[in-house]
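In the numbering used here, the protein residues as written are 153 to 208.
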């Protein structure tokens with residue numbers, strides 16, 4: 153069983169997805185390449201998501 157995060161989650165870095173503009177919060181899995189992360193999901197990476205400002 154994993155231990156719950158006991159720190160201050162609001163102190164973690166965050167950025168916006170370039171496709172849907174949703175906020176993404178730092179994850180341990182992204183630690184090595186956080187600077188290169190641009191998309192929040194595979195759907196956004198593939199361009200399937202219709203976020204604000206996306207063509208209909």
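Heads up, the beta-carbon is just placed ideally off N, CA and C, and yes, glycines get one too.
(message) Please report the straight-line C-alpha distance between residue 165 and residue 187, rounded to a whole angstrom.
(response) 11 Å
(message) Quick check: what's the CA-CA separation for residue 181 versus residue 174?
(response) 19 Å
(message) Given this structure, state the Cα-to-Cα distance separating residue 155 from residue 170, to the nearest angstrom.
(response) 32 Å
(request) Just the C-alpha distance for residue 199 and residue 184, rounded to the nearest angstrom, thanks. (result) 24 Å
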